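Protein chains in written order, with the working numbering: chain A, 2 to 327; chain B, 28 to 280; chain C, 604 to 1149. For each residue, glycine too, the CB sits at the ideal point set by N, CA and C. The structure displayed is predicted, hence computed values, not measured ones.
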Amino acid sequence: MMDVLIVLEDNNGKIHRMGLESIAAGQRFSNEMGLTAGALVLGGNADGLADQASAYQLGEVLKVNDALLESYSADGYSEAVKQIIDQENPTYVLFGHTYQVRDYVPRLSAKMNKPFLVDNIAIRVENGQPIFTKQMFNAKLSADVEANSSGPFLVSFQSAAFSMDAVAAGSASIRESTVQLDIAMIRTKSEPPFQEEAGGVDLTSADVIVSIGRGIGKEENIPLAVELSKALGGELAASRPVVDSGWLPSAHQIGSSGQSVSPKLYLALGISGAIQHVVGMKGSKNIVTINKDPDAPIFEISDYGVVGDILEIIPKLTEAIQALKN
Amino acid sequence: MKIAVLVKQVPGADSPLPIQSNQNWVDEGAVAFIMNESDNYALEEALQIRESMGEGEVVAVSLGPDRIQKVIREALAKGADRAIHIQMDTEGVIDPLVTASLFAQALKEENFDLIFTGLQSDDLGMGQTGIILGEMLGMATASLAMATELGDGKIKVKRELEAGWFQWVSLTLPASVSIQSGLNTPRYPSLKGIMGAKRKELKVVTPNAIDATQSLEKVYLPKSEKQTVMIEGSADQIVEKLVETFRNEIKVL
Amino acid sequence: MSEREVLDLDVLFVGAGPASLAGAIHLKRLLSKSGTEASVAVLEKASEIGAHSLSGAIVDPRALRELFPDFPDTDLPFEAEVSEEHLYYLTENKKIPFPFVPPSMSHHHCFVTSLGKLTRWLGNKCENEGVDIFCGFAGTKLLYEGEQVVGVRTGDRGIDKNGEKKPQFEPGADIRAKVVILGEGTRGSLTKNLIDRHELMQGCNPQVWAVGVKELWQMPSGTVPPGYVAHTMGFPLGQAIFGGAFLYGMQNDIWDLGLVVGLDYQNPGVDSHHELQRLKNHPWIRSLLSAGKMIAYGAKSLPEGGWYSIPKLSVGGAMLIGDSAGFMNGQRLKGIHLAMKSGMLAAETTAEALATGKFSESDLADYDSRIASSWIRDELWKVRNFHQGFDRGLFGGLANAGIGLFTGGRGWGIKNRLSSEAGHKKMQKGVKKNRYQDLQFDGTYLFDKVTDVYYSATAHEEDQMPHLKIRDQDVCVSKCTEEYGNPCEKFCPANVYEMLPDGDGQRLQINFSNCVHCKTCDIMDPYQIIDWVPPEGGDGPVWVNL
Chain A
2 MMDVLIVLED
12 NNGKIHRMGL
22 ESIAAGQRFS
32 NEMGLTAGAL
42 VLGGNADGLA
52 DQASAYQLGE
62 VLKVNDALLE
72 SYSADGYSEA
82 VKQIIDQENP
92 TYVLFGHTYQ
102 VRDYVPRLSA
112 KMNKPFLVDN
122 IAIRVENGQP
132 IFTKQMFNAK
142 LSADVEANSS
152 GPFLVSFQSA
162 AFSMDAVAAG
172 SASIRESTVQ
182 LDIAMIRTKS
192 EPPFQEEAGG
202 VDLTSADVIV
212 SIGRGIGKEE
222 NIPLAVELSK
232 ALGGELAASR
242 PVVDSGWLPS
252 AHQIGSSGQS
262 VSPKLYLALG
272 ISGAIQHVVG
282 MKGSKNIVTI
292 NKDPDAPIFE
302 ISDYGVVGDI
312 LEIIPKLTEA
322 IQALKN
Chain B
28 MKIAVLVKQV
38 PGADSPLPIQ
48 SNQNWVDEGA
58 VAFIMNESDN
68 YALEEALQIR
78 ESMGEGEVVA
88 VSLGPDRIQK
98 VIREALAKGA
108 DRAIHIQMDT
118 EGVIDPLVTA
128 SLFAQALKEE
138 NFDLIFTGLQ
148 SDDLGMGQTG
158 IILGEMLGMA
168 TASLAMATEL
178 GDGKIKVKRE
188 LEAGWFQWVS
198 LTLPASVSIQ
208 SGLNTPRYPS
218 LKGIMGAKRK
228 ELKVVTPNAI
238 DATQSLEKVY
248 LPKSEKQTVM
258 IEGSADQIVE
268 KLVETFRNEI
278 KVL
Chain C
604 MSEREVLDLD
614 VLFVGAGPAS
624 LAGAIHLKRL
634 LSKSGTEASV
644 AVLEKASEIG
654 AHSLSGAIVD
664 PRALRELFPD
674 FPDTDLPFEA
684 EVSEEHLYYL
694 TENKKIPFPF
704 VPPSMSHHHC
714 FVTSLGKLTR
724 WLGNKCENEG
734 VDIFCGFAGT
744 KLLYEGEQVV
754 GVRTGDRGID
764 KNGEKKPQFE
774 PGADIRAKVV
784 ILGEGTRGSL
794 TKNLIDRHEL
804 MQGCNPQVWA
814 VGVKELWQMP
824 SGTVPPGYVA
834 HTMGFPLGQA
844 IFGGAFLYGM
854 QNDIWDLGLV
864 VGLDYQNPGV
874 DSHHELQRLK
884 NHPWIRSLLS
894 AGKMIAYGAK
904 SLPEGGWYSI
914 PKLSVGGAML
924 IGDSAGFMNG
934 QRLKGIHLAM
944 KSGMLAAETT
954 AEALATGKFS
964 ESDLADYDSR
974 IASSWIRDEL
984 WKVRNFHQGF
994 DRGLFGGLAN
1004 AGIGLFTGGR
1014 GWGIKNRLSS
1024 EAGHKKMQKG
1034 VKKNRYQDLQ
1044 FDGTYLFDKV
1054 TDVYYSATAH
1064 EEDQMPHLKI
1074 RDQDVCVSKC
1084 TEEYGNPCEK
1094 FCPANVYEML
1104 PDGDGQRLQI
1114 NFSNCVHCKT
1124 CDIMDPYQII
1134 DWVPPEGGDG
1144 PVWVNL
């Protein structure tokens, strides 16, 4: 019996990071609301996932093994999760806002005729009721959303809105449950996933972005930033003047005429913070700025600021990070 | 082959977004509207399918007040054969169960083989309407299509996954697919297309109201309670503190 | 799709501004009355009507009332009737009211208006009359048979920044029309070509322009009286630079603040954007605006030369209307009603031409006659020497204007026609005083140019060749730097031109994506080597209510 059911996803045999983030969210939320929380793992063989999930502070872990869930399908997963919800009757069902969740949870919402409150960056409780905050207009505005029906409520969280490091460890019992799936109702056939050479540069799904502005000085200095981004495991991006000067292709551009991002870490190097740039990155979870101009407007929206020479700091920073890894 | 393409009119990327004083929504009088970006790609994909099959009908469908006629006519100018305008005031309507139900009301009898939608709207960003509509109309669904292939009464869709991964999924028809931006090159409307749009059928329907299961309480500028922590010292000291911050505070190392 | 589309029409208006839209409406009605079938279309480079429309504005309703005689004022798309009007002389800190407002400068019974709103309204009426409006298509070339204009070619779409064709490349369309009416607005690009090819300015004073820069400010509820009008002279421009400020109260508590700067100043360092920020430093302006939020920015040039700068208005197959022709009353600071009337007169000529099937130069010269016997001429004749008086500075200009009131517009009371020189020729070489030494941009009340540009919502397809053609960039990095200190960086209100260090020297960077289509560079460049041509259709500002 659980009031809050957290649905976890398989990522190559491990719990998807965003699932861990939703456990963090779920634990905090259920504490605040005085509710019990549990997790659901499902698949062809979810035993391994169940074991991993049991290491966290949860009421219990529910495990569903079914051959028809071996391969992901929107029909199969939405039906399976629906049946579990019918069985367990949670009030809140939490998910990380993954590509898979985007693919099947709307079907689940329609089957149940219950709202899917998506891609939340925060939840707060007011008068005993949750208020869900999501971004709108490509993160230019925030919106508070409320549920108007009775539960269960389907809720997903944006990547890095909650930190998986905030997950409380514990020991949860594992209970197995079953669903009734019929192969005839699965109307899709998936082939194995594959990786492709990134044609464009998709900065929107990067967790770490190292971004350079005019302060980089000249094209010859760019490899310094490339090395740093590799050391941090992030993507390289740039403000408009760098692209206009032809030093990087426009696929790396962030801002009103480029991409909009909100990564976990946005490291702004030699970027002044013109509004055209800021609108593309101010939703970032952590903004760290290094700029030699103490009056650069970008400091106003930064979480951490360094007034300094990026050409001096970048190579030292890269070295220190590489040393850490070794 | 009957393809419905759902198109939405949304504020343009550079449009001002002044918030109403009651914070219920933005002041639409000051907004510059355009067709939702991914819907444009969805429309193009449908037009290309009709062209490659040499037969079929592409129907543009949109939900909203009078001002949306502009994107409907844009869709007709680009080559949609006819259009349906589900007329209602959509201010404050954010529930995809509601919008999908309204589309279902209008489209049910038509028995489309395919429904294409953009993956999400650039204003609300709920990303659900097409999939929910698929469920309501008994169709197979797939999201974030980066390529489509039709054949043998099925549609194959290249789904975008995390971090540069993809997956081909084969769906039985009828199917509702949400389309990711960038999978094709949307055409410009021709002058003749623009002139011809006026003569194409534009059916206006008024739907029955549906209760919402989620609603918008208020919109506001993202809070910036930033207390910038300045990191000082020599270059080496700064680097040390940065590494510590990345590791312990931001947790990316 | 790689074949050039060809469209055959009867009448094509270029530019969906008030002149063309009023003209198209009037033409359709005339044709309907005479039972003539004719296809009428309007070409507009912006993605939608109104997106490139910018003015103050105070509209004299005369032309609108002629076009829509049965509409009460409340049905016309105005913000508000002028409720109070003020004329001030500003010093840096003081505001001195003029003792009286001369009747010819009065805005009584006129209406504060947003040109964007007005053109959208006219556009709707136009479509209702069966006119096709093609938005997102730029007219880039006139089509000729001999010396007869037979149509317009639109710009190619899908050419990358190296001049190569992209996969979605589409050649421009050829729109063939019996009559082409150019209502491109200020310093139209096809207009420029037409005037040059047919020497239409022969015997005329050269055209002189000003640039208007403005910001819209959203104020707290109930604090802006709609219909409020104030004009100022003096600070910040001073005696030697033509121009002045305007402050209009719009609906929804919006202050519309702008500055008009004559593009015939001597100091090459003059920067109209910076002057607008200086204006905001005036305590009176600050007291009005500081509690609000800037929500939009824009700039546009305007023709100031007056009656004697208006070219011959017709050639075989084509006519000039609106600001493209130069119909602006500099003294009243009004041109929209003149633009609309000119469009309507061109429509009348066109209707007759369609009836006879003759579109030669002598047939269309009927338009020039109509203008000469219309109230456009009556009005502009009285102020025909207005701008020219300011060659003697602010007080000279005011004196000339004042005397003109009593002498039916004669220059200095005696001369029928004052001569004038093109504005860019007045720019003086050598370094001049820096007018902006003390100007500090704080980003919340005073904005740097780059920030203001963001609020013009301007965007261009990035992967295209710059639409600002400079015939000899060597001049920019050498001669111009020495002689004038690269005034392009200053006179462009949108930060399009930037001189950047390049090794030992410097290079010119053209941030064409910032362009707000004001045409100032084409007008003011002292060497006249900048040609503004339309970028890809649909590009440019996306103004909503400017």
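| Query | Result |
| --- | --- |
| Best match in A/Ile322, A/Ala54 and A/Glu228 for proximity to B/Phe273 [C-alpha to C-alpha] | A/Ile322 |
| Boundaries (first-last residue) of the beta strand (DSSP E) holding B/Lys227 | From DSSP, B/Lys227 is part of no beta strand (DSSP E); its letter is neither H nor E. |
| Within chain A, partners of C/Asn1114 - CB distance below 8 Å | Asp245 |
| contact_flag[the segment 803–813 of chain C, the segment 908–927 of chain C] where n(CB pairs < 8 Å) is 3 or more | yes |
| Per-residue burial, C/Glu878 [other beta carbons within 10 Å of its own, 16 or more giving buried] | buried |
| Counterpart residues of C/Met922 in DSSP-defined beta bridges | C/Ile784 and C/Ser917 |
| Cβ of C/Thr1054 within 8 Å of any chain D Cβ | Any reference to chain D falls outside this structure, whose protein chains are A, B and C. |
| Sequence-distant residues of its chain with Cβ nearer than 7 Å to A/Val82 (five each side left out) | Val8 and Leu109 |
| Inter-residue Cα distance where the pair is A/Ile302 and A/Leu233 | 22 Å |
| Short Cβ contact (8 Å threshold) for B/Thr13 with A/Lys115 | Coverage of chain B is limited to positions 28 through 280, which leaves residue 13 of chain B absent and any answer about it impossible. |
| Chain-ordered chain B contacts of C/Phe740 [CB-CB under 8 Å] | Leu218 |
| Residue(s) in a DSSP beta bridge with B/Leu243 | A/Val146 |
| One or two residues paired with B/Glu189 in a DSSP bridge | According to DSSP, which records beta bridges pairwise, B/Glu189 is partnered with nothing at all. |
| Cβ-based neighbour list, A/Trp248, same chain, cut-off 7 Å, excluding 5 preceding and 5 following | Glu220 and Ile223 |
| Same chain, Cβ closer than 7 Å to A/Ile187, five either side skipped, listed in chain order | Leu69, Ser74, Asp76 and Gly77 |
| Positions along the segment 117–138 of chain B whose CB lies within less than 8 Å of some CB in chain A | Ile121, Asp122, Pro123, Leu124 and Ala127 |
| Supposed close pair C/Val986, C/Asn932 - CB separation, criterion 8 Å | 6 Å |
| Under the three-state DSSP convention, the category A/Glu71 falls into | coil |
| Identity of the residue in C/Asp874, C/Ser824 and C/Ile898 nearest C/Leu860 by Cα | C/Ile898 |
| For C/Trp910, the first and last residue of its enclosing alpha helix (DSSP H) | That residue, C/Trp910, is in no alpha helix (DSSP H); it is neither H nor E in DSSP. |
| Minimum Cβ-Cβ distance from C/Ile1126 to chain B less than 8 Å | no |
| Spatially closest choice to C/Ala958 from C/Leu633, C/Val609 and C/Tyr1058, by CA coordinates | C/Leu633 |
| Beta-carbon gap between B/Ile277 and A/Ile314 smaller than 8 Å | no |
| CB contact flag (B/Thr212, C/Gln771, <8 Å) | yes |
| Which residues DSSP lists as bridging C/Met897, in chain order | C/Trp820 |
| Beta-carbon proximity check, A/Val370 vs A/Val94, cutoff 8 Å | Because chain A is modelled from 2 through 327, residue 370 of chain A falls outside the range shown and cannot be assessed. |
| The segment 78–98 of chain B touching the segment 106–118 of chain B, judged by at least three CB pairs closer than 8 Å | yes |
| Buried or exposed by the 16-neighbour rule on C-beta atoms within 10 Å, applied to C/Glu651 | buried |
| Contact with chain A by B/Leu44, beta-carbon distance below 8 Å | yes |
| CA-to-CA distance, C/Tyr1100 to B/Glu162, given in whole angstroms | 54 Å |
| Cβ distance (whole Å) where A/Ala162 is taken to contact A/Ala123 below 8 Å | 7 Å |
| Below-8 Å beta-carbon distance, B/Gly209 vs any chain C residue | no |
| 6 Å CB neighbourhood of C/Val1153 in its chain, flanking five on each side removed | Absent from the structure is residue 1153 of chain C, since the part of chain C shown begins at 604 and ends at 1149. |
| Contact between the segment 711–718 of chain C and the segment 683–701 of chain C (3+ Cβ pairs under 8 Å) | yes |
| As assigned by DSSP and simplified to three states, the class of A/Ala123 | strand |
| Those residues which DSSP pairs with C/Tyr692 across a bridge | C/Ile699 and C/Met836 |
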